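Q: Below is a structure I'd like to ask you about.
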Amino acid sequence: MSGSCHAPADESNGDFAGVTREDGLAIGFQRVDDYQAPRWPDQAAPQQSHLDFAVDDLDEAEALLLQLGATKPEYQPGGDRWRVFADPTGHPFCLIRG
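In terms of the numbering used here, the sequence shown opens at residue 217 and continues consecutively.
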């Protein structure tokens, strides 16, 4: 997993955080009152976003993510092509072979 991220955007605060790469790619996150974490694949509290990250080695990336606080749901529909994880607040995301 590689890439170049920059410091949080100037407008980041307790209700919004964002980062921007040199090439202009930006991602932002907003605080939500009464937030309910998604429970993938259950849709009672559905995901609000989904990101896929291409990696060279799924096993190596998985070990790092689990060490950093991600969890790996039991349901894994991707076989050996991709793996589903959840961030510490429950948002699902995937690792795919790069």
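The C-beta atom is built at its ideal place from N, Cα and C for all residues, glycine as well.
Everything numeric in this text was worked out from a predicted model, so none of it was measured.
1. Are the Cβ atoms of P308 and A302 separated by less than 8 Å?
2. When the Cα of H266 is compared with those of G314, G306, R313, which residue comes out closest?
3. Which parts of the region 265-290 are runs of the beta strand (DSSP E), unbroken and 3 residues or longer, counting only runs that do not cross its ends?
4. Please determine, among G240, D268, R247, the residue with the shortest C-alpha to C-alpha distance to A233.
5. By DSSP's criteria, G230 is part of a beta bridge. Which residues make up the other side?
A: In brief:
1. Taking the first residue of the sequence shown as position 1, residue 308 is located at position 92. Taking the first residue of the sequence shown as position 1, residue 302 is located at position 86. A distance below 8 Å separates the beta carbons of P308 and A302.
2. In the sequence shown, counting from the first residue as 1, residue 266 sits at position 50. For the residues G314, G306, R313, the minimum Cα distance to H266 belongs to G306.
3. 268-271
4. Indexing the sequence shown from 1 puts residue 233 at position 17. Nearest of G240, D268, R247 to A233, Cα basis: R247.
5. The residue labelled residue 230 in the question sits at position 14 within the sequence shown. According to DSSP, residue pairing for G230 in a beta bridge does not occur.
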